[in-house]
Amino acid sequence: MDTDRLPGCYRHPDRDTGIRCTRCERPICPECMISASVGFQCPECVRAGSGTGHSPAANAPRTLAGGVVAADPHLVTKTLIGINVAVFLAALAAPALAVRLALLGRYVEYLGAPVEGVSTGEYYRLMTSVFLHTEWWHIISNMIGLWVIGGPLEAALGRSRYLAVYLLSGLGGSALVYLLTEPYAATLGASGAVFGLLGATVVLARRLRYEMRPVITMVVLMLVLTFVPIGGHFTVSWQAHVGGLVTGALVGLGMLTPAVGRNRTVIQGVTCAGVFLLAAAVIVLRTAELT
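Numbering (the working numbering), first residue to last: 122 to 412.
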């Protein structure tokens, strides 16, 4: 054992340092040290009120995308799973709820009833359908995908950026379904959003220079399963899967831009706004066609 080796930074153990916080005396690397009236202090002591003038989050550990590293890096994923399960149970208790929340472009529930659907102004269906499942196998498969793919991605992006990828991917998948599916055909499920997380994962793997073949193989396999009919019928919406995948990849590119600081935040915001406007344009186009 090398007793002469310098200690590692308490936040970055792989970085040797000879600098210590003047308040708590923990070792800190150049990235973590903050100038004080005497010597340097660590981010925790600064947040505790050392008087250096930094905001509490100014020196907090950051994710690859610039988000703050959270104590529970999977909290949003757990919350999304909880919401999906709650809506699933609610739909089981009140089957009519599925009709009210599913993605339907234009339909009449019964003879003489008013016309309903997204094209009549029920735009909420584009997002409520993303949280709706009516079969146990459907929600189980989607929630397993959400946990396996979403958990690591949330840790890499941070909570708010990860949630933006999920919601925009769900919207992008719904927009393509609305555009290309018969207006009276009901569509529901979180698979479009999950495919969006997969698209962002591909961008993340590329950004980190990981071996791409396993990730690409997963994408190809999931797309093959999307387009393979079972019993002569398609059981999944390929439009939602493709729309979500492309949307997630686009948003992921913006989130994982190599820019830093304020420039990165601007690029991320512009990317999210651009993707939202693109989905909105598709929705407006389809609505005009149906009405």
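For every residue, glycine included, the Cβ atom is placed at its ideal position computed from N, Cα and C. No experiment lies behind these values; they were computed from the predicted model shown.
Fully contained in the segment 206-230 are the following alpha helix (DSSP H) runs of length 4 or more, in chain order: 217-222. Here the C-alpha atom of Tyr305 lies approximately 45 angstroms from the C-alpha atom of Ala380.
Taking the CA atoms as reference points, Ala321 sits about 44 angstroms from Leu232. As a beta-bridge residue in DSSP terms, Glu237 pairs with Tyr228. Sequence-distant Cβ neighbours of Leu301 in its own chain, meaning closer than 8 angstroms and more than five residues away, are Gln360. Burial check for Asn384: the Cβ neighbour count within 10 Å stays below 16, so the residue is exposed. Annotated three-state conformation of Ser358 is coil, per DSSP. For the 8 angstroms CB-CB criterion, Ser290 and Gly369 form a contact.
In this chain, Ser250 is not harboured by any alpha helix (DSSP H), its DSSP state being neither H nor E. Rounded to whole angstroms, the Cβ separation of Ala307 and Gly364 is 17 angstroms, and the two are not in contact under 8 angstroms.
Between Leu127 and Asp135, the CB-CB gap reaches or exceeds 8 angstroms. For Arg282, the enclosing alpha helix (DSSP H) has its first and last residue at Arg280 to Leu301. One Cα belongs to Ala207, the other to Cys166, and the distance between them is close to 41 angstroms.
The secondary-structure analysis by DSSP pairs Ile155 across a beta bridge with Gln162. Where Val315 is concerned, the enclosing alpha helix (DSSP H) starts and stops at Ser312 to Arg328.
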